[in-house]
Amino acid sequence: MTHERRQDRSENPCLAGDLYLRAVAQRTGLEHLTLATHEGLLLAGAGDKDLGNRVAAVAPMYVEEPASLRAGLIDELTDGQPMQVWRVTVRDRPFYLIGFGTLTDMSEEVQDAFDRIFARPAQRTAN
């Protein structure tokens, strides 16, 4: 069995997150993926950055206080596509992974990838 590896890589964690989410979106058939902070800021995304910023801004309310959102706001953001939110932890902090498009289950591989991408760099030892 062949294991497909990402070809696009970056040492910059935010760019690496963008590249990784682009690969996940292609693999899962999702139209858009955004990794948002608990405070509603975009950390990484696949797709239009302006849309990613808007999605990141509403994600905390969508998860924690959905009744506070204006009726129809999510449909406007997603152009009528279903929106899904998964909670992920990056460096012991809560984040939201938001996708819209084809309904899908997000694998644990995504959590593991974010742990690697945003991990603290290994300490260098002096010789």
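Under the numbering used here, the first residue of the sequence shown carries the number 233, and numbering increases by one thereafter. By construction, the Cβ of each residue, glycine as well, lies at the ideal position given by its N, Cα and C atoms. Computed from a predicted structure; not experimentally measured.
Whose C-alpha, out of 249, 257, 253, 243, is nearest the C-alpha of residue 334?
-> 257
Of the residues 300, 259, 266, the one placed nearest residue 315, counting alpha carbons only = 266
Under a three-way DSSP split, which group does residue 326 fall into?
-> strand
Do you know how far the Cα of residue 305 is from the Cα of residue 245?
-> 31 Å
If you draw a straight line from the alpha carbon of residue 292 to that of residue 331, how long is it in whole angstroms?
-> 14 Å
Have a look at residue 349 and residue 275 and give me their C-alpha separation to the nearest angstrom.
-> 12 Å
Thinking C-alpha only, which one of 325, 296, 251 is nearest residue 317?
-> 296
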